[in-house]
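Student:
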Amino acid sequence: SAVISQKPSRDICQRGTSLTIQCQVDSQVTMMFWYRQQPGQSLTLIATANQGSEATYESGFVIDKFPISRPNLTFSTLTVSNMSPEDSSIYLCSARLWNTGELFFGEGSRLTVL
Amino acid sequence: EDQVTQSPEALRLQEGESSSLNCSYTVSGLRGLFWYRQDPGKGPEFLFTLYSAGEEKEKERLKATLTKKESFLHITAPKPEDSATYLCAVQASNSGGSNYKLTFGKGTLLTVNP
Numbered sequence: 015s016a017v018i019s020q021k022p023s024r025d026i027c028q029r030g031t032s033l034t035i036q037c038q039v040d041s042q043v044t045m046m047f048w049y050r051q052q053p054g055q056s057l058t059l060i061a062t063a064n065q066g067s068e069a070t071y072e073s074g075f076v077i078d079k080f081p082i083s084r085p086n087l088t089f090s091t092l093t094v095s096n097m098s099p100e101d102s103s104i105y106l107c108s109a110r111l112w113n114t115g116e117l118f119f120g121e122g123s124r125l126t127v128l
Numbered sequence: 042e043d044q045v046t047q048s049p050e051a052l053r054l055q056e057g058e059s060s061s062l063n064c065s066y067t068v069s070g071l072r073g074l075f076w077y078r079q080d081p082g083k084g085p086e087f088l089f090t091l092y093s094a095g096e097e098k099e100k101e102r103l104k105a106t107l108t109k110k111e112s113f114l115h116i117t118a119p120k121p122e123d124s125a126t127y128l129c130a131v132q133a134s135n136s137g138g139s140n141y142k143l144t145f146g147k148g149t150l151l152t153v154n155p
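Residue numbers (my numbering), protein chains in the order written: chain D, 15 to 128; chain V, 42 to 155.
Spelled out as structure tokens, the structure:
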């Protein structure tokens, strides 16, 4: 298994500001991802974080709004830019283990935008 | 478009009362089907991966099965600590830009009363 640490675990932000979420994995992983879980909704993939290159974004998500970095194999950041109340959600980091291929999730970062 | 439908949305059981959760899926080529457990305020916890019709996996009181159209999560003699939201997700063989994109259902909220 893997332990995926995210911070902050929760935050309250003002409209128009930006917040960066950090994700650290304690095991060797092949791929890292960022998901969003809105209230009452299923998890939605935002993007695949690629080491040393630009992230691969899913339809409906763009780099200007959700810039992502992955400077090494086990660390990634997601920034939620120019936030609005509609961005209030739980943001989840996930990683695929290199040895089993299983996908593990962090505890999530709950953002509330006022 | 890949689709995952979970039923029921909510299920209330008495301790010891066995039941099943359903996950119906539509994908153009299934690479894997995943079950996760999610407790309030936590990230999803990996339970099982199933790859082909007829496959079964067990873990304690949980047993997951897979057919070509759906998966079942059987819960035998549940205990109150089994109360959680159970999420089903599929990985399609043609996952577009992300070769490991999971499409999630909305989950089944299971409550086990003592």
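Beta carbons are placed, not taken as given, at the ideal position from N, Cα and C, and that holds for glycine. If you're wondering where the values come from, they're calculated on a predicted model, not measured in any experiment.
Exposed or buried, which one is residue 35(D) when buried takes at least 16 other CB atoms within 10 Å?
Tutor: Mapped onto the first sequence, residue 35(D) falls at position 21. Residue 35(D) is buried by the Cβ-count criterion.
Student: Under 7 Å, CB to CB, which of the residues in the region 77–108 of chain V have a partner in chain D?
Tutor: Listed in sequence order: 83, 84, 85, 87, 90.
Student: Taking Cβ positions only, does residue 126(D) come closer than 8 Å to chain V?
Tutor: Within the first sequence, the letter at position 112 stands for residue 126(D). Not an interface residue.
Student: If I follow the unbroken beta strand (DSSP E) through residue 53(V), where does it start and stop?
Tutor: Within the second sequence, residue 53(V) is the residue found at index 12, counting from 1. Looking at the DSSP string, the run of the beta strand (DSSP E) that includes residue 53(V) is 51–55.
Student: May I ask you to list the residues that DSSP assigns as paired with residue 86(V)?
Tutor: Residue 86(V) sits at position 45 when you count from the first residue of the second sequence. According to DSSP, residue 86(V) bridges with 78(V).
Student: For residue 121(V), name the three-state secondary structure that DSSP assigns.
Tutor: Residue numbering aside, residue 121(V) sits at position 80 when the second sequence is read from its first letter. If DSSP states are grouped into helix, strand and coil, residue 121(V) belongs with the helices.
Student: Distance check for residue 88(V) and residue 99(V), CA to CA, integer angstroms please.
Tutor: If you number the second sequence from 1, residue 99(V) lands on position 58. If you number the second sequence from 1, residue 88(V) lands on position 47. Spanning the two alpha carbons is a distance of roughly 9 Å.
Student: Starting from residue 124(D) and walking both ways along the beta strand (DSSP E), at which residues does that stretch end?
Tutor: Against the first sequence, residue 124(D) aligns to sequence position 110. From DSSP, the beta strand (DSSP E) with residue 124(D) extends over 123–127.
Student: Rounded to whole angstroms, how far is the Cβ of residue 81(D) from the Cβ of residue 103(D), which I believe are closer than 8 Å?
Tutor: On the first sequence, residue 81(D) is found 67 positions in, with the first residue counted as 1. On the first sequence, residue 103(D) is found 89 positions in, with the first residue counted as 1. Contact doesn't hold; Cβ gap of about 17 Å is too wide.
Student: The beta strand (DSSP E) with residue 49(D) in it runs from where to where?
Tutor: Numbered from 1 along the first sequence, position 35 holds the residue referred to as residue 49(D). Residue 49(D) -> beta strand (DSSP E) spans 43–51.
Student: In chain order, what residues of the same chain have a beta carbon less than 6 Å from the beta carbon of residue 138(V), not counting five sequence neighbours either side?
Tutor: The residue given as residue 138(V) occupies position 97 in the second sequence. Any reading at residue 138(V) must be qualified, since the residue scores a pLDDT of 48, below 50, and its modelled position is unreliable; the value itself is stated next. Excluding positions up to five away in sequence, the list is empty.
Student: Taking residue 55(D) as the query, report the chain V residues whose CB atoms sit under 8 Å from its CB, ordered along the chain.
Tutor: Taking the first sequence and counting its residues from 1, the one referred to as residue 55(D) is at position 41. Chain V residues near residue 55(D): 147.
Student: What did DSSP end up calling residue 43(V) once you bin it into helix, strand or coil?
Tutor: Start at 1 with the first residue of the second sequence, and residue 43(V) comes out as number 2. The answer is coil: DSSP assigns residue 43(V) none of H, G, I, E or B.
Student: Give a yes or no on whether the minimum CB-CB distance between residue 143(V) and chain D is below 8 Å.
Tutor: Here residue 143(V) refers to the residue found at position 102 when the second sequence is read from its first residue. Cβ-Cβ to chain D under 8 Å: yes for residue 143(V).
Student: Determine, for residue 68(D), whether the minimum Cβ-Cβ distance to residues of chain V falls below 8 Å.
Tutor: In the first sequence, residue 68(D) corresponds to position 54, counting from 1. Taking Cβ atoms only, chain V never reaches closer than 8 Å to residue 68(D), which makes this a no.
Student: CB residue 63(D) to CB residue 40(D), shorter than 8 Å?
Tutor: Numbered from its first residue, the first sequence carries residue 63(D) at position 49. Numbered from its first residue, the first sequence carries residue 40(D) at position 26. No, the Cβ-Cβ distance between residue 63(D) and residue 40(D) is not below 8 Å.
Student: Assign residue 138(V) to one of three DSSP states: helix, strand, or coil.
Tutor: To locate residue 138(V), count along the second sequence from 1; it is residue 97. Annotation note: pLDDT 48 at residue 138(V) (below 50); position unreliable, coordinate value reported separately. Three-state result, residue 138(V): coil.
Student: Going by alpha carbons, who is nearest to residue 48(D) out of 84(D), 99(D), 126(D)?
Tutor: On the first sequence, position 34 is the one that residue 48(D) refers to. Ranking the options by Cα distance to residue 48(D), first place goes to 84(D).
Student: Evaluate residue 43(V) with the Cβ neighbour count: other Cβ atoms within 10 Å of its Cβ, from every protein chain shown; 16 or more gives buried, anything less gives exposed.
Tutor: If you number the second sequence from 1, residue 43(V) lands on position 2. By the neighbour-count rule (16 or more Cβ atoms within 10 Å), residue 43(V) is buried.
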